[in-house]
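Following: one structure in structure tokens, then a few remarks.
Residue numbers (my numbering): 5 to 279.
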């Protein structure tokens, strides 16, 4: 068996939230000559000195107080790491002008760490329409669908990605709200999609309607998301079963959004071929 080199070992490194949380803490506590060659300070002290200028501090009066609050209210290490990372990113972005050039360079090291462990955990940092940055699970189909939706609605495009936020796991109400918003977004396109001859050529059709699209709207209407038809399928489902159905409806929603783009591509192909 060939000897593993240094880069092989690095590439095999798996996501360890406890290790990454410790690394962040160590970086924040490291003392450097940020402000003067005569004495050393840490990023923790820099944040503490400027904490009252942080716009999202709620009623907390100190950085240490807020860090303690976050730690006490989250028991899952991965979630604690992600929430703390969101907190740090928000502080560094909002207080960017308060840090010296040396501190800003060191902050970039923390950003690099966050970016790397998000890659290891298959997550990414996105910016919501209100400017807040949150961590969501990386989903190539969600990213592509979000790009398509963004052409007509930035707000709904963000919801496509927000569904995968780690804090939404088990949050049925928030998932429901996002699905309702996406259903309302798709409704005006329903007729257009059903009349797409290009899609009818490659997808199953019943009564001149694309089955996949009609089934999606059946799920919207019969799982308490919109219209509340009399025959509701979800009334006797346990919460975990309902959440799984919502996840399945979300996947079907992504499929339909991607189909919208496929319709456009096939239409362009037809024009080019017959041109």
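Idealized CB from N, CA, C, for every residue including glycine.
Check	Outcome
Sequence-distant residues of its chain with Cβ nearer than 7 Å to residue 27 (five each side left out)	117
Cβ-Cβ distance between residue 168 and residue 146 below 8 Å	yes
Three-state class that DSSP yields for residue 49 in the structure shown	helix
Which listed residue (129, 35 and 231) has its alpha carbon closest to that of residue 50	35
C-alpha distance - residue 95 paired with residue 47, whole-angstrom precision	11 Å
Backbone CA spacing between residue 214 and residue 131 [nearest angstrom]	34 Å
Where residue 2 falls, given that 16 or more other Cβ within 10 Å makes a residue buried	Since the first residue shown for the chain is 5 and the last is 279, residue 2 is missing from the structure and cannot be characterised.
Outcome for residue 258 when other beta-carbon atoms lying within 10 angstroms are tallied against a minimum of 16	buried
Exposed unless 16 or more other CB atoms sit within 10 angstroms - verdict on residue 231	exposed
Secondary structure, alpha helix (DSSP H): runs of 4+ residues fully inside the segment 89 to 131	105 to 124
Per DSSP, the bridge partner or partners of residue 36	45
Own chain, CB closer than 8 Å to residue 362, minus 5 neighbours either side, in chain order	This structure cannot settle anything about residue 362, because the visible part of the chain is limited to 5 through 279.
Separation of residue 195 from residue 106, as counted between CA atoms	57 Å
Where residue 141 sits in the DSSP three-state scheme	strand
DSSP state of residue 211 mapped onto helix, strand, coil	coil
Residue burial classification, residue 90 (beta-carbon count within 10 angstroms, cutoff 16)	buried
Residue burial classification, residue 224 (beta-carbon count within 10 angstroms, cutoff 16)	buried
Cα-Cα separation, residue 246 to residue 235	16 Å
Cβ shell of residue 149 (< 7 Å), same chain only, five flanking positions each side left out	164, 258, 261 and 262
Segment contact, 8 Å Cβ cut-off, at least three pairs: the segment 52 to 65 with the segment 112 to 128	no
Cβ-based burial, residue 2 [other Cβ within 10 Å; buried from 16]	Absent from the structure is residue 2, since the part of the chain shown begins at 5 and ends at 279.
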